[in-house]
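Residue numbers (this note's numbering): 784 to 1469. Notes for the one structure printed next.
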Ligand code: NAI
């Protein structure tokens, strides 16, 4: 092997030059990689005894992406388009040998080659749009020449990773190496290259035609999923340009837009989140546990959450034993599970055979003895300490030594729950979100006595379920619900002062929340928080400002969507709630009762105060150590509460806003919120 740069080497294989990229762990496309490939191509051009080349990654993957850390700074030459230009200009064919993943710039590099050979299971894709940018090295132009405009819009805008077999069917790759007779990717690629008679540049292809309706449908779907972000619009426009503009002009414009977005706020926020998500999956520094093996998992309670959790477990391949109270509850739970999978089949998301295999993985009953050999049990019974006590005493008596005892409680004290057992070290909180099969966030709660192994097992389960874990210390509402509670309270203050639910919701949805707080409350039901407020009534500071409007709604039986009315009216079949005069009257009455003179509240103030309340609470819980890292708050809010991804989370928002503006926001918040407001110090965040 001859060294070209510290990250690239070359070797002859007959008359084929093998260019080996060696930049562990993911062979990221850094400066030294680009320079090395460029120089290797010059060697290929200059050496008359070579007739082709293969580019391959050392280890387990091709170039699985660009080095994101380089993206915030000016990029050094040579940049990727120059490398790809050289690949296309050299007169001899170059084959990309793909394994592991070829993503982003790595996939663009492969598309600049004359052919692509992949091992089965290799993933290819363009994640740039999901990182706030657009592809910048020809992805929009070359992929479109292979798959057509409609499919390219879908792939570019979603960032979907497609596996080798699908990529082959789409014409994105040319061959899948047969693992049975030849697991050696390099040898297959070299053979493929040696058999090529000339160049086969993707740039010379014409875009396969698509029906205008298909392009239109792909455009609308991408804009909707991309929440109309400007980079999504430009990505669509660039893909369409592949069919109408000369390629060099189109590539130049693509690069220009890429450079523009690369240094933009969305991209910075999404890069922050990319790293924050990876960090959040790691245990805190002081916890070095070993995850215990999980094969069979028990679930106690098969209501909304228990059934949802059982579904997640079964779909991840675990055997599930679900214990309910009695025959009737068992039947309800079975029906709930059956309906879930039947719905998936009806929607075409799952075939009938797989659905029944999943359903067969969950054994539902009411006999506690069936839990004797589970590796973990997750409790999801009523949110009531007496119910939790009963369940944890029985779990302690039933489960084998070494099994993990988990609770899905939303607000209750995990240490108290653990104290009902003789093995508090094995007790951990696993706080799923509703609906469990859909929501990505999983708060892994570390009680005072939770062992490092139990914590590690919770994190390992999250990975197995493809959830996003965030570790929280045991405290009221953990991370997410505690912040959400402060946010919702602030929004209720705004109602008392002059705003209406529809205005607050609209302002926060315009900011980017998937749904405003009052629509969220109607969707999930007002009664959960109502019960929590009642339970805490005795310990509440009697002088603190308290908005009772939601209590009045609950007393009137307005519990949200499920009762046809809550903060809004919900006529049968309507997708959105309808503003209700009765609610407005209740709000005006509440203001009058407190002697508050209602005033016009503008949308800016709504966003400033709602976000300020989130940031204030976040700074307190980071200072208290409830969250391990400030960035964990961002991960929790984005994955569990519909906070806009492209803002990067509330902490990232606070950093962008800057210390001075933030200090002014919190002054305003303190003054407007009145008694009971406890100010945090956002210095821990920014
Ligand atoms: P749910 O009322 O829908 O279901 C509770 C189930 O537990 C019922 O089916 C009941 O029959 C069963 N159950 C009660 N006592 C039992 C016992 N001793 N043995 C076996 N089964 C028993 O309640 P949901 O909403 O599923 O909540 C369950 C837990 O999850 C609560 O702690 C709640 O705070 C928490 N949670 C709820 C979320 C939500 O949005 N609903 C979100 C996250 C957590």
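Idealized CB from N, CA, C, for every residue including glycine. All of these numbers come straight from a predicted model, not from anything done at the bench.
Chain-order list of residues whose beta-carbon lies under 7 Å from that of residue i (same chain, five-residue window excluded)
{"i": "residue 861", "result": "817, 818, 821"}
{"i": "residue 813", "result": "790, 806, 850, 853"}
{"i": "residue 1073", "result": "1236, 1239"}
{"i": "residue 1121", "result": "1142"}
{"i": "residue 970", "result": "none"}
{"i": "residue 1144", "result": "1097, 1102, 1103"}
{"i": "residue 981", "result": "876"}
Check whether residue i and residue j have beta carbons under 8 Å apart
{"i": "residue 1496", "j": "residue 920", "result": "Shown here, the chain extends from 784 to 1469; a query on residue 1496 therefore has no answer."}
{"i": "residue 960", "j": "residue 900", "result": "yes"}
{"i": "residue 1081", "j": "residue 1197", "result": "no"}
{"i": "residue 1477", "j": "residue 1211", "result": "Lying before the first or after the last residue shown, residue 1477 is absent from the chain, which here runs from 784 to 1469."}
{"i": "residue 823", "j": "residue 791", "result": "yes"}
{"i": "residue 909", "j": "residue 855", "result": "no"}
{"i": "residue 1291", "j": "residue 1389", "result": "yes"}
{"i": "residue 1405", "j": "residue 1416", "result": "yes"}
{"i": "residue 975", "j": "residue 898", "result": "yes"}
{"i": "residue 1300", "j": "residue 1271", "result": "yes"}
{"i": "residue 1187", "j": "residue 1075", "result": "yes"}
{"i": "residue 1307", "j": "residue 1217", "result": "yes"}
{"i": "residue 933", "j": "residue 987", "result": "no"}
{"i": "residue 857", "j": "residue 1041", "result": "no"}
{"i": "residue 835", "j": "residue 866", "result": "no"}
{"i": "residue 1373", "j": "residue 1304", "result": "no"}
Candidates the options, of which the one nearest residue i by Cα
{"i": "residue 1086", "options": "1074, 1115, 1443", "result": "1115"}
{"i": "residue 1084", "options": "1189, 980, 1459", "result": "1189"}
{"i": "residue 1326", "options": "1456, 1147, 1235", "result": "1456"}
{"i": "residue 1340", "options": "1057, 812, 1313, 1362", "result": "1313"}
{"i": "residue 881", "options": "847, 1015, 984, 1129", "result": "847"}
{"i": "residue 1118", "options": "1101, 1142, 1131", "result": "1142"}
{"i": "residue 989", "options": "1243, 1030, 914", "result": "1030"}
{"i": "residue 1466", "options": "1097, 1447, 1450, 1442", "result": "1442"}
{"i": "residue 886", "options": "922, 871, 1281, 949", "result": "922"}
{"i": "residue 1159", "options": "1126, 1132, 1105, 1122", "result": "1105"}
{"i": "residue 1016", "options": "1075, 954, 1042, 940", "result": "940"}
{"i": "residue 1233", "options": "1214, 1245, 1256, 1218", "result": "1256"}
{"i": "residue 1062", "options": "1102, 1414, 1461, 1258", "result": "1414"}
{"i": "residue 1335", "options": "1310, 1260, 1014", "result": "1310"}
{"i": "residue 1254", "options": "1345, 815, 1064", "result": "1064"}
{"i": "residue 787", "options": "811, 810, 815, 796", "result": "815"}
{"i": "residue 937", "options": "1130, 1399, 1021, 1468", "result": "1021"}
{"i": "residue 931", "options": "983, 865, 998, 904", "result": "998"}
{"i": "residue 896", "options": "1384, 1368, 864, 914", "result": "864"}
{"i": "residue 1392", "options": "1378, 1353, 1273, 1371", "result": "1273"}
{"i": "residue 829", "options": "841, 800, 808", "result": "800"}
{"i": "residue 1006", "options": "985, 1346, 913, 979", "result": "913"}
{"i": "residue 1446", "options": "1371, 1252, 1395, 946", "result": "1395"}
{"i": "residue 1386", "options": "1337, 1295, 1378", "result": "1295"}
{"i": "residue 1337", "options": "1316, 1033, 1354", "result": "1316"}
{"i": "residue 911", "options": "808, 1322, 1044, 1228", "result": "1044"}
Neighbourhood of residue i by C-beta, 8 Å cutoff - its chain only, sequence neighbours within 5 removed
{"i": "residue 832", "result": "798"}
{"i": "residue 1078", "result": "1101, 1102, 1158"}
Environment of residue i [buried if 16+ CB atoms lie within 10 Å]
{"i": "residue 875", "result": "buried"}
{"i": "residue 1363", "result": "buried"}
{"i": "residue 1175", "result": "buried"}
{"i": "residue 1356", "result": "exposed"}
{"i": "residue 1071", "result": "exposed"}
{"i": "residue 838", "result": "buried"}
{"i": "residue 1411", "result": "buried"}
{"i": "residue 1461", "result": "exposed"}
{"i": "residue 972", "result": "buried"}
Same chain only: Cβ atoms within 6 Å of residue i, ignoring 5 sequence neighbours per side
{"i": "residue 926", "result": "935"}
{"i": "residue 1248", "result": "1095, 1099"}
{"i": "residue 884", "result": "844, 847, 906"}
{"i": "residue 902", "result": "882, 960, 968"}
{"i": "residue 1471", "result": "Only positions 784 to 1469 of the chain appear in this structure, which leaves residue 1471 out of reach."}
Contact with chain C by residue i, beta-carbon distance below 8 Å
{"i": "residue 1393", "result": "Included in the structure is just one protein chain, with no chain C present."}
Touching or not, the region 1273–1282 and the region 1105–1113, by the rule of three or more beta carbon pairs under 8 Å? no
Under 8 Å, with one C-beta from each stretch per pair, do the region 1052–1062 and the region 1431–1445 reach the 3-pair mark? yes
I'd like to know if the region 1255–1265 and the region 1417–1426 are in contact, where contact means that at least 3 CB-CB pairs between them fall below 8 Å. yes
Assess contact between the region 1199–1209 and the region 1159–1176, defined as three or more Cβ pairs (one per stretch) separated by less than 8 Å. Is contact present? yes
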